[in-house]
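For the record, the sequence lines run as chains A and B.
According to the numbering used here, the first sequence is numbered sequentially starting from 12.
According to the numbering used here, the second sequence is numbered sequentially starting from 12.
The next block holds one structure in the form of C-alpha cells; read it before the comments.
There are 2 protein chains.
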Amino acid sequence: MNAKDRRVTALSLALAERRVIHLKEAAALLNVSEMTVRRDVAENPDLFGYLGAHIIPARGPEIEAPYTVDRAAESHSIAKRQASIQALRYLQPDEAVFIDCGTTLIHFVDLIPADMRLTVVCYAFNTAERLIAKQNITLVMLGGVYHPASATFAGARDTDMLNAMGLNVAFLSASGVDRQRGASCEQFHEAPIKRKAMDMAQRRYLVCDSSKIGRVRPAYFADVSAFDAIITETGPLPMDAAGWNSGPATE
Amino acid sequence: MNAKDRRVTALSLALAERRVIHLKEAAALLNVSEMTVRRDVAENPDLFGYLGAHIIPARGPEIEAPYTVDRAAESHSIAKRQASIQALRYLQPDEAVFIDCGTTLIHFVDLIPADMRLTVVCYAFNTAERLIAKQNITLVMLGGVYHPASATFAGARDTDMLNAMGLNVAFLSASGVDRQRGASCEQFHEAPIKRKAMDMAQRRYLVCDSSKIGRVRPAYFADVSAFDAIITETGPLPMDAAGWNSGPATE
DNA sequence: CACAGTATGTTAGAAATCTTACATACTGCT
DNA sequence: AGCAGTATGTAAGATTTCTAACATACTGTG
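Listed below in C-alpha cells is the structure:
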C-alpha cells in the first residue's frame with residue numbers, strides 16, 4: 012500500500028507542475044508498467060482524470076455537458092464574437108487599454124493578435140488568465156475581493172490604481188443598453204470600476220451584442236452619450252439616428 | 012473559404028466555453044466529417060491543439076518539456092509538499108490568511124481541505140487560480156503589474172490594501188534562509204509585499220524545504236527572528252538550537 | 001461554360017490505446 | 001514456512017485514433 016501511495020503523490024506532484032502527463036511518460040516516471048498507472052488513476056477518480064491516454068488533474072464538471080448549437084445560440088455567443096471582431100478595429104498597438112469583464116470581452120481578448128504590443132488593465136479573472144498567455148501584453152490587474160458571479164475582483168483601492176494610469180481606450184461591456192436609461196450591468200460592484208475606467212480613458216467603446224439594446228439591468232453605470240461608440244455585431248450603432256433602441260428586447 | 016472560417020470560429024467559440032471538445036463531437040457540431048475538423052485544427056496551430064482525439068485551445072509551452080524525476084528532485088518537489096503538509100497544522104478555520112507566492116505554497120494551497128472556511132489574501136496568479144476553485148474561501152487579490160517570472164502582481168497600491176485588513180496568519184516563502192542574513196527571495200518587487208503582510212499578521216510562518224537553509228538570494232525581506240516558526244519538510248526548525256544553518260547548502 | 005484550384009468526404013491500413021484475463025511477485029500474519 | 005490477500009506485470013484481442021491516398025464537390029475567373 013505504501014509504494015502505491017508514493018506513486019499517487021508523485022503523480023499529483025507532477026500534475027501540479029505540468030497540466031497533463033502522458034500515460035507512457037507517467038509509467039516511465041514512476042518506474043512501473045502503464046497498467047499500474049492506469050490502475051492508480053482509476054482508483055483515484057477524485058484526483059485524476061483521463062483525456063485519451065493523457066492523465067489530467069480531476070476534471071471539473073465542464074467537460075461533461077455536451078456543447079450544443081442551441082445553447083450557443085441562446086447565449087448569443089456568435090453575436091458576441093462578431094461584436095468583438097468589430098470592436099477589434101478600434102484597438103491600436105502600443106496603447107494602454109482597459110478591458111471590462113463579461114463573456115463578450117473574453118472573445119475580444121481571444122481575438123487580440125499574438126504579436127500586438129499592449130498594456131492592458133483588467134479586473135476579471137478569466138480575462139487576466141487569457142492575457143497572461145499573450146507574450147506581448149503588459150498586464151495590470153485591479154485587485155480586491157473576488158466575486159464568483161462575474162469572476163471579478165473589486166475592492167477599496169482599485170480606483171486609486173486607475174488614477175495613476177494614462178488610458179488610451181476603454182472597452183466596456185453591459186448587459187443592458189437603453190437610450191434613455193443608459194448602460195447597466197448585473198453587479199453593483201462593477202459600476203464604480205467601469206465609471207472610473209471611462210473617466211480615465213481618452214476613448215470609450217461599449218461592446219455588446221444587439222440583444223442587449225433596450226434592456227435595463229440593476230446597476231446603472233453610464234449614459235449612452237458617454238461612449239464614443241456602441242459596437243454590436245453589425246458594427247458601431249449610428250448614435251445620431253433616431254430609434255436605434257425602439258425595437259423590443261429580443262431575449 | 013468562408014465556410015471554413017465559420018467552422019474555425021464556431022470551434023473557438025465552443026472551446027471558449029468548454030475546455031476541451033472531442034473530435035467526434037466537434038464534427039457533429041459543425042456538420043462535417045472528422046477529417047475536415049482535423050484539417051481545420053491542423054491549419055490553425057496557433058488556435059488549437061490536440062490531446063489525443065480531444066481538441067484543446069492552443070497549448071502553452073508547459074506540455075512540451077518532459078517531466079523527469081531528475082527535474083522533480085532538482086526542484087525539491089517532494090520536500091516542498093512535505094513542508095506544506097507540516098505548515099498545514101498552523102492553519103485554523105475561519106481565519107484571515109496571507110499566502111505568499113512560489114511553488115512551495117502552491118502545494119500548500121492544494122492541501123487546504125475543501126470544507127475549510129477561510130479568507131485568503133494572495134498576489135500570485137497560480138495561487139489565486141487554485142483558491143478560486145475552493146468554494147469556502149473568500150479570496151482577496153492584490154493587484155498590480157504582472158511579473159511573469161514569479162506569476163505575481165505587484166504595484167503601487169497593494170500595501171494600502173493590506174492596511175485595511177486584519178490578518179491572523181501569514182505563510183511566507185523564501186528561496187534563501189540564512190541565520191545571519193535572514194530570509195530572501197529572487198524578485199525585488201516581492202519583498203515589500205512580504206514585509207507588509209508580515210507587519211499586518213498576528214502570526215508569521217516561513218515555509219520552505221531545507222535546501223533553502225543557508226542560502227542567500229538577492230532580495231532580502233526579513234530577519235529569521237521575525238518569524239514565529241520556520242517550517243521545513245521535517246516540521247518547524249528549532250529556532251533556539253544553535254547551528255541549524257551551519258550545514259552547507261545542498262543544492 | 002470550362003478550367004484550375006481548393007475544399008470536403010471516404011476509405012483502408014497503420015498505429016495507438018483500452019480492456020480483459022491470467023501469471024507472478026510481494027506483504028503481513030499465524 | 002505457509003497462506004491469503006493484494007499488488008504488479010504481461011500479453012492478446014477489441015477498439016479507437018491517425019495517416020495517407022484518392023474521389024468527388026465546390027468556387028471563382030476568364
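Note that CB positions come from ideal geometry on N, CA and C, so glycine has one too.
- request: Determine the DSSP secondary structure at A:Pro72, reduced to helix, strand or coil.
  value: Confidence in A:Pro72 is poor, its pLDDT being 47 and thus under 50, which makes the residue's placement unreliable; the coordinate value appears in the next sentence. If DSSP states are grouped into helix, strand and coil, A:Pro72 belongs with the helices.
field: Whole-number beta carbon distance between A:Gly113 and B:Met152, since they are thought to touch under 8 Å
entry: Actually they are not in contact, since the Cβ atoms of B:Met152 and A:Gly113 sit about 18 Å apart, beyond 8 Å.
- prompt: Going by beta carbon distance, what residues of the same chain come within less than 7 Å of B:Gly193, once the five residues before and after it are set aside?
  reply: Tyr231, Ala233, Asp234 and Val235
field: Of the residues A:Pro124, A:Pro159 and A:Leu173, the one placed nearest A:Asn147, counting alpha carbons only
entry: It is A:Pro124.
query: Got a sec? Which residues, its chain only, sit under 8 Å from B:Leu99 by beta carbon, not counting five neighbours each side?
result: Phe119, Leu122 and Ile123
task: Write down the C-beta distance between B:Ala162 and B:Asn137 rounded to the nearest angstrom, noting that I regard them as a contact closer than 8 Å.
output: 5 Å
task: Would you be able to state if there are at least three C-beta pairs under 8 Å between the segment 236-251 of chain A and the segment 63-70 of chain A?
output: no
Residue-chain proximity (B:Val156, chain A), Cβ-Cβ < 8 Å: yes
field: C-beta neighbour in chain B for A:His118, strict 8 Å
entry: yes
task: Look up B:Cys196 in the DSSP assignment and give the residues it is bridged to.
output: Note: B:Cys196 is bridge-paired with B:Ala230 in the DSSP secondary-structure output.
message: Can you find the residues in the same chain that come closer than 7 Å, C-beta to C-beta, to B:Ala38, ignoring five residues on each side of it along the sequence?
response: Taken in chain order, the residues that qualify are Ser44, Glu45 and Val48.
- request: Please compile the residues from chain B whose C-beta is within a distance smaller than 7 Å of the C-beta of A:Phe59.
  value: Contact note: A:Phe59 does not reach chain B at a C-beta cutoff of 7 Å; the least C-beta distance is about 14 Å.
- request: Select from the segment 88-108 of chain A all residues with a C-beta closer than 8 Å to any C-beta belonging to chain B, and list them in chain order.
  value: Ser88, Ile89 and Arg92
query: Of the choices A:Ala144, A:Ser95 and A:Val218, whose alpha-carbon is the least far from that of A:Val188?
result: A:Val218
message: Assuming the contact rule is C-beta atoms closer than 8 Å, A:Glu197 and A:Ser186 should be a hit. Round their C-beta distance to whole Å, please.
response: 6 Å
field: Min CB distance A:His143 to chain B below 8 Å
entry: The displayed chain sequence assigns Ile, not His, to residue 143 of chain A. Yes, because at least one Cβ of chain B sits closer than 8 Å to the Cβ of A:Ile143.
message: Taking 7 Å as the limit between beta carbons, can you name the residues of its chain near B:Ile143, skipping five residues before and five after?
response: Leu150
field: Whole alpha helix (DSSP H) elements within the segment 88-162 of chain A, 4-residue minimum
entry: 88-98, 114-122 and 136-143
- prompt: How about A:His65: is its C-beta nearer than 8 Å to some C-beta of chain B?
  reply: yes
field: Beta-bridge pairing of A:Pro247 - partner residues as DSSP gives them
entry: Looking at the DSSP output, A:Pro247 sits in a beta bridge with A:Ile242.
- prompt: If we count the other Cβ atoms within 10 Å of its Cβ and call it buried at 16 or more, is B:Asp6 buried or exposed?
  reply: Within the shown structure, residues of chain B are numbered from 12 to 262, placing residue 6 of chain B beyond reach of any answer.
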